[in-house]
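Data first, discussion second: the structure below is written as structure tokens.
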Amino acid sequence: MSNSNAWAVDSMPAYIILILGIGVIVLFFGIFTVAYADDQYALPEQLELVVVQQRFTGTCFSQNGVQNGVIDLNKFTQQQLAYCYNAPDSFYSFRLTLDGKTITTSNWKGGAVQRTEEKSVSIIKNNAVTTSLMKIEVRDE
Amino acid sequence: MRKRGIVLKFLIELVLAAFIVLSIFGMSKVFGDETFFVQERIAHEGAVMIDALYAVPGNAWMSLGEADYDVELKEHHIYIRNEVNIKRPFPTINTQTATTKGNLIFSKNGDTVSLSNRQPTLNQRNCGAETNPSLQRTHLRITPETKAVALLLGLSACSENKCAISGTELSRAPETLITILPSNNGITASGQLGCHILNDIIKTKAVTTWYFPTDTINLEVHPDYIIDVGRALQQRLQR
């Protein structure tokens, strides 16, 4: 290759393309590294779900001013659930059934349920405290 | 002319090489020290801690250690702002928007979760009207572990597990019966007087407390707080 041909390859446009190419490679390297490193720290599976669910059997539907974990059936409403659980669309969504009444979180889109649990809870019904089963259905969006 | 071209080429190559080397070094620095993973931990555990706090009956605060960079709560996301920004969602509303660094303390006050770098003052429980029963007409049901409370109150006439101010009082039906039992953690109280006792104690001391709104007055007390409960009862019971 003659000197003049070599100089053509080393010209400014070639350098600009090279710099852009290296920039893109470094950018992708960074993105992949962050994505890979992001997976290196993980909480135990289902921990977040278990912690999030606690509010449904604990404070969310308890009587006004008395957070004793006893569910007041009058407060077991869609509106109250929306107040206690406001998640991005991509987060877990729930459908709760208690004493024949079913309510869902605002991000519930229906479809296949990934997980179903039944929990024994204390409820206030007709001014008396009794126990009942709360069915919790979960979708991991 | 050709010499100038060679110098320019050399300079461009030098800048390019420096850019690549510095980029790789910068990235290695971020992931080579533990900062990124500590940020990840704060984001993940912070989000779960907020969820856990939200399910706690009453008010509480928890510390997640130190951070040298900005941590922000905004709507339902926790943001860690450093060389690499991290964002993590949590399904909780009523989050007070805050940015802090240093000691990370998450707290739940009423139904609002917030973040600050100092220990928050949490609201007192709503216990209703003040109650100041007569010490004279009070019986204390105790165990050997909680007997110090009876001694502090001067209820020295004891029979089996019950104490009163005198033998005569012990034989009469009490106006107020307080049961004090040992516990493994914090203080658990019930009854209106129990609620006020908890409020009195948490004014001056960071103690984990639980309250049950029942009619009977029960206090379950960790040995570390026996004296605090005794002093609070001294203030509450009328002599």
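Top line first, the protein sequences correspond to chains A and B.
Residue numbers for the first sequence follow our numbering, so the first one is 1 and each next one is one higher.
Residue numbers for the second sequence follow our numbering, so the first one is 1001 and each next one is one higher.
Ideal placement from N, C-alpha and C gives every residue a C-beta, glycine not left out.
Is there a C-beta anywhere in chain A that falls below 9 Å from the one on residue 1069 of chain B?
no
What three-state label does DSSP hand residue 31 of chain A in the structure shown?
helix
Hey, how far is the Cα of residue 62 of chain A from the Cα of residue 1237 of chain B?
32 Å
Please return the same chain residues whose Cβ sits closer than 6 Å to the Cβ of residue 103 of chain A, not counting the five positions on each side in sequence.
78, 81 and 96
Going by other Cβ atoms of all chains shown within 10 Å of its Cβ, with 16 needed for buried, is residue 1171 of chain B buried or exposed?
exposed
In chain order, what residues of the region 35-48 of chain A put their CB closer than 8 Å to some CB of chain B?
37, 38, 40, 41, 42, 43, 47 and 48
Using 9 Å as the limit for Cβ to Cβ distance, is residue 30 of chain A near chain B?
yes
Roughly how many angstroms lie between the CA atoms of residue 1227 of chain B and residue 1194 of chain B, to the nearest whole one?
15 Å
Would the region 1217-1234 of chain B count as touching the region 1175-1182 of chain B if we require 3 or more Cβ pairs under 8 Å?
yes
Please identify, using Cβ separations under 9 Å, the residues of the region 1083-1094 of chain B that lie next to chain A, in order along the chain.
1084, 1086, 1089, 1090, 1091, 1092, 1093 and 1094
DSSP three-state assignment for residue 1044 of chain B, whether helix, strand or coil
helix
What separation, rounded to the nearest whole angstrom, lies between the Cα atoms of residue 17 of chain A and residue 1008 of chain B?
17 Å
Return no unless some Cβ of chain B is closer than 9 Å to the Cβ of residue 1 of chain A.
Unreliable positioning characterises residue 1 of chain A in this predicted model, as indicated by a pLDDT of 45, which lies under 50. The coordinate reading is nonetheless provided below. So, not an interface residue.
Could you tell me whether the Cβ of residue 74 of chain A comes closer than 9 Å to any Cβ of chain B?
no
Does residue 48 of chain A come out as helix, strand or coil in the three-state DSSP assignment?
helix
Take residue 1080 of chain B and list the residues in its own chain whose beta-carbon comes closer than 7 Å to its own, dropping the five residues that flank it on each side.
1039, 1042, 1043, 1069, 1071 and 1086
I want to see whether chain B comes within less than 9 Å of residue 22 of chain A, judged by CB atoms only; does it?
yes
So, at 8 Å on beta carbons, what are the nonlocal neighbours of residue 1166 of chain B in its own chain, with the 5 sequence-adjacent residues on each side left out?
1157
Residue 1204 of chain B to residue 1161 of chain B span [Cα, whole Å]:
30 Å
To be precise: take each residue of the region 79-101 of chain A, compare its Cβ to all Cβ atoms of chain B, and keep it if any distance is under 9 Å. Which residues remain?
82, 83, 84, 85, 86, 87, 88, 90, 91 and 92
Indicate the three-state DSSP secondary structure (helix, strand or coil) for residue 89 of chain A in the structure shown.
coil
Of the residues that make up the region 1199-1225 of chain B, which ones have a beta carbon closer than 7 Å to any beta carbon in chain A?
1212 and 1213
Any 3 or more C-beta pairs closer than 8 Å across the region 1102-1117 of chain B and the region 1209-1217 of chain B
no
Locate the beta strand (DSSP E) running through residue 1068 of chain B, then write down its first and last residues.
1060-1074
6 Å Cβ shell around residue 179 of chain A - same chain, five flanking residues per side excluded:
With chain A running from 1 to 141 in the structure shown, residue 179 of chain A is simply not present.
Cα-Cα separation, residue 1057 of chain B to residue 57 of chain A:
11 Å
Using a Cβ-Cβ cut-off of 7 Å (strictly less than) and excluding sequence neighbours within five positions of residue 1155 of chain B, which residues of its own chain qualify?
1140, 1163, 1164 and 1165
Measure from the alpha carbon of residue 1097 of chain B to the alpha carbon of each residue in B:1075, B:1064 and B:1105, then state which is nearest.
B:1075
Could you compute how far the alpha carbon of residue 1099 of chain B sits from the alpha carbon of residue 1010 of chain B?
47 Å
Alpha carbon to alpha carbon, what distance is there between residue 139 of chain A and residue 89 of chain A?
11 Å
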